[in-house]
Amino acid sequence: MTPAIRYLQMSQIPFDSHSYHCEVSEDFGRHAADQLGLPAEVVYKTLLIHQEKQVVVAVIPVDCHLNLKEAAKAAGLKKVEMLKPADAERLTGYKVGGISPFAQKKKLPTLLDSRALAQEKILVSGGKRGLSVGLTPADLVRSLGATVAPIAE
1 MTPAIRYLQM SQIPFDSHSY HCEVSEDFGR HAADQLGLPA EVVYKTLLIH QEKQVVVAVI
61 PVDCHLNLKE AAKAAGLKKV EMLKPADAER LTGYKVGGIS PFAQKKKLPT LLDSRALAQE
121 KILVSGGKRG LSVGLTPADL VRSLGATVAP IAE
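Here the numbering used here is used: the first residue of the sequence shown is 1, the next is one more, and so on.
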């Protein structure tokens, strides 16, 4: 059981888990959508961005790219860049390809792309490669105090 699953259970957030065989070393999100037979617009990836020491989590659809300018604006920062994978792993406690927005080592501000609100349910990483959890966008926003903004393109 991952920290993300424990967090969801302890917080009594309704979710369902989806396991799949992960056999790639990049584009994990699109691979998850393909393996689970789900449209890419309901499967979301977790990215980390930063401005100096201020780190922010960005959750966007797997078929989109993060708009750094819009993400910075939504986070109230001037200019952000992607966090290096090794730094993301160290900061979250999860491996790249399995970084969940839930139960990271340090509580970080979270941004959710506004497209999520059009979905009844979205899938995000469950805390390891090959495991996703499905939940309502409203539950994700409420549990993480996430800011919803148009951050994907």
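The beta carbon of each residue, even a glycine, is placed where N, CA and C say it ideally should be.
Values in this document were obtained by computation on a predicted structure and should not be read as measured data.
Residues in the same chain with beta-carbon distance under 8 angstroms from residue i, minus the five sequence neighbours each way, listed in chain order, please.
i	result
K95	E89, K128, R129
T46	V57, A58, V59, I99, S100, P101, V124, S125
Q119	E41, V42, P137
H65	A152, E153
Take residue i and list the residues in its own chain whose beta-carbon comes closer than 6 angstroms to its own, dropping the five residues that flank it on each side.
i	result
A72	K79, V80
V155	Coverage of the chain is limited to positions 1 through 153, which leaves residue 155 absent and any answer about it impossible.
T147	A74, L111
D139	I13
Taking the alpha carbon of residue i as the point to measure from, which residue in the options has its own alpha carbon closest?
i	options	result
I13	V148, A152, V133	V133
S19	E52, P137, G37	G37
A149	L131, P109, K121	P109
N67	I49, V55, D87	I49
I83	K53, F15, L135, T2	Checking the sequence, you will find Leu at residue 83 rather than Ile. Ranking the options by Cα distance to L83, first place goes to K53.
Is the shortest distance between the beta-carbon of residue i and the beta-carbons of chain B less than 7 angstroms?
i	result
V43	Considering every chain present, this structure includes no chain B. It has just one protein chain.
Exposed or buried, residue i, counting other C-beta atoms within 10 Å across all chains shown (16 or more means buried)?
i	result
G97	buried
Q104	buried
R6	exposed
R142	exposed
A116	buried
H21	exposed
A4	buried
D27	exposed
D113	buried
For residue i, which residues of its own chain have a beta-carbon under 7 angstroms away from its beta-carbon, when the five flanking residues on both sides are left out?
i	result
K106	L91
Identify every run of the alpha helix (DSSP H) within the segment 5-90, keeping only runs that are complete inside it and at least 4 residues long; order them along the chain.
-> 28-36, 68-75
Could you tell me which uninterrupted alpha helix (DSSP H) segments, each at least 4 residues in length, are contained entirely in the segment 118-153, listed from first to last along the chain?
-> 137-144
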